[in-house]
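Per this note's numbering, residue 11 is the first one in the sequence shown, and the count goes up by one each step. Below is one structure, written out as structure tokens, with a few remarks after it.
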Amino acid sequence: MKKSSAGSNAVNTSERVGCTVADARSPHLLHVLHALQQQCLHISPDAVHAVAGQLDLPVSQVQSVVEFYSFFHQTPRGRYHLLFSNCTSCGDLSLMHLLGKHLGVAAGTTRADGLVSLDQTSCTGMCDFGASLLINGMPITRLDATVIAQIAGLISAETPLTDWPDAWFRVEDNIRSAGLLLNEDVAPGDALRAALARGEEGTLAEIKQSGLRGRGGAGFGTGLKWQFCREARGTAHYVVCNADEGEPGTFKDRILLHSYADTLFEGMTLCASVIGAKLGFLYLRGEYRYLLPQLQAVLSRRREQKLLGADILGKPGFAFDIEIVVGAGAYICGEESALIESLEGRRGIPRNRPPFPVTSGYLGLPTVVNNVETFVAAAGIALHGSDWLRTVGTAKSAGSKLLSVSGDCLRPGIYEYPFGVSVQQVLDDCGACEVQAVQIGGPSGSLIDPTEFNRKLCFEDLPTGGSFMVFNTGRDLLNIIVNFAHFFAHESCGFCTPCRVGTTLLKNGLDKIAAGHGTQYDLDEMQRMGALVKRRSHCGLGQTAANPILDGLQHFPQIFEQRLVNSMFEPDFNLDAALEEARRISHRDDAAAHLKSESQI
Ligand code: SF4
């Protein structure tokens, strides 16, 4: 996980605002650090020591967390801190540079007066609205040059965000087609009452009978997972909702969290009743932090309605509550064991498995981790019974799937389909034409060409966590694959060598090819390295990081081959450039201090 740099000329904001850790009262390390950074605009070494003392943690643990997560900074950021998405669907970095020109600040730096800082981030989950950014954690969508000029004016005038145009911050659900899940209007408590009437075993049987499989993409049986956790021994059991969807091109959780939060919390609560949990966590991705106040309000109301807390719905002894923990810009925390590490206040490094979270999860105790869509579906099953889910879908993929459709189409947004829908059907519905390729399931999924558009989206054929990115013939597909390679190299947590080194070598190799310096040797090397990273990496990130490259080489070899203008081998490593520092130190920059190029020999 790499950190972006801030300008060396940044002012010491910490001293200027006199920041302390006294305002950060949450017991969760991530929350303390979020609060601190909001106040101080960075987390200084003194603050790290203070937090460690306050939470009784080793200084090294707090320091390593600050270094690991992209949203924490060790040098001061601007009072207006802007993060531009670099996603192929919701990113346009030319707008970041344009704003930098307006404001006199370079990307990746903080202006000398501490007013503003600019940087880039991975997908913000706003792919259906075009170019987007986060300003002090708040999303602004539909960016163009006009909006950028206006933003520059407002920042220069130091206008508070509360006085900026409301419309800029509006994030609609953008539901294009609703089905089983999105048409369901579960009144608070209804699914839970049905579950309690059925009893824990009856509810578990119903979930198993429905054939519900985890909607994150892997598709493990939800009922089976709950059963394993229920049967696991431990002093406590936990429910965790993985709302850390960070796969570029995915934004379905945004809609579910915004408009179906009650149903989600209902699903988590009935899971708690089945496995015997008293506490649950919603791990919210940092980019959706703006949803936090609303989610907290729903939880408060549910406590008042006796749908959380002690003796839920009047059932003696049925106690459960939910805490929300906000992530800090680490894609790897979408991996369930990395997420649990993060919940425990550590870097999001995936654990060895087995043991699996169902027996050894949060604090080493039995834990169910499901994603948002899975819990929402579980609430529907509890309310209507297992047949409800089976009314649509295929033999091995019961129910429906939410797709986040983005890219080159007329109608991007959220589409709900029965499992088994064809890729072509989705393309027709979203108004895509002259389609060159579709990325199914985000960069870690499958890149398919038009000969495969008759394939079905379901666990039997093309499984997907929900991202559906359309690329038409006008797009430079190699640039898309380069973008994905950079994403994985940036998001690799660095724990295991095949992924840490392999993703960087793949990125460098692709950059070389894209720049017109590649040869057939580089393509062969890419195949070999891609297979190695896939086979030898510790977790799903590394195991899927080479997918776009390998799929690209298989289905679209011409996009690589047409860049091979040079048949001579060129090394990846530029020795002459690497000697620049030596030349600087020795004050030599004459011709003899440079290596001769090929043509000069
Ligand atoms: Fe980290 Fe290894 Fe997983 Fe890559 S594959 S994210 S380095 S644990």
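Glycine is no exception: its CB is placed at the ideal position from the N, C-alpha and C atoms.
Please name the residue or residues paired with residue i in a DSSP beta bridge.
i	result
residue 131	95
residue 458	448
residue 148	145
residue 380	251
residue 466	432
residue 291	250 and 333
residue 269	None, per the DSSP bridge assignment.
residue 408	403
residue 223	231
residue 90	126
Let me know the secondary structure DSSP gives residue i once reduced to three states.
i	result
residue 413	strand
residue 592	helix
residue 181	coil
residue 547	coil
residue 35	Unreliable positioning characterises residue 35 in this predicted model, as indicated by a pLDDT of 45, which lies under 50. The coordinate reading is nonetheless provided below. Here residue 35 sits in coil by DSSP.
residue 481	strand
residue 538	helix
residue 211	helix
residue 245	coil
residue 76	helix
residue 276	helix
residue 426	strand
residue 153	coil
residue 655	Only positions 11 to 611 of the chain appear in this structure, which leaves residue 655 out of reach.
residue 172	helix
residue 120	strand
residue 167	coil
residue 189	coil
residue 126	strand
residue 240	helix
residue 601	helix
residue 393	helix
residue 574	coil
residue 420	coil
residue 103	helix
residue 305	helix
residue 472	strand
residue 554	helix
residue 567	helix
residue 84	coil
residue 52	coil
residue 264	helix
residue 204	helix
residue 587	helix
residue 368	coil
residue 195	coil
residue 299	helix
residue 362	coil
residue 439	helix
residue 67	coil
Please check the pair residue i and residue j, which I expect to be a contact at CB under 8 angstroms, by giving their CB distance rounded to whole angstroms.
i	j	result
residue 355	residue 67	7 angstroms
residue 520	residue 495	5 angstroms
residue 191	residue 386	6 angstroms
residue 297	residue 92	14 angstroms between Cβ atoms; not a contact.
residue 293	residue 249	That pair is no contact at about 11 angstroms.
residue 5	residue 559	Not covered by the structure: residue 5. The range shown for the chain is 11 to 611.
residue 388	residue 318	The pair is not a contact, with the Cβ atoms about 17 angstroms apart (cut-off 8 angstroms).
residue 487	residue 566	6 angstroms
residue 189	residue 470	Not confirmed; about 19 angstroms, so no contact.
residue 184	residue 130	Actually they do not touch by this definition, with Cβ atoms about 24 angstroms apart.
residue 417	residue 99	5 angstroms
residue 148	residue 128	In fact, because the Cβ distance is near 16 angstroms, the residues do not count as touching under 8 angstroms.
residue 479	residue 449	4 angstroms
residue 515	residue 539	6 angstroms
Quiz: which residues have CB nearer than 6 angstroms to ligand 2 non-hydrogen atoms = This structure lacks ligand 2; the ligands present are ligand 1.
Could you tell me which uninterrupted alpha helix (DSSP H) segments, each at least 4 residues in length, are contained entirely in the stretch 310-360, listed from first to last along the chain?
-> Qualifying alpha helix (DSSP H) stretches, in chain order: 346-353.
Within the stretch 496-534, ranges of the alpha helix (DSSP H) (whole runs, at least 4 residues) = Listed in chain order, they are 507-524.
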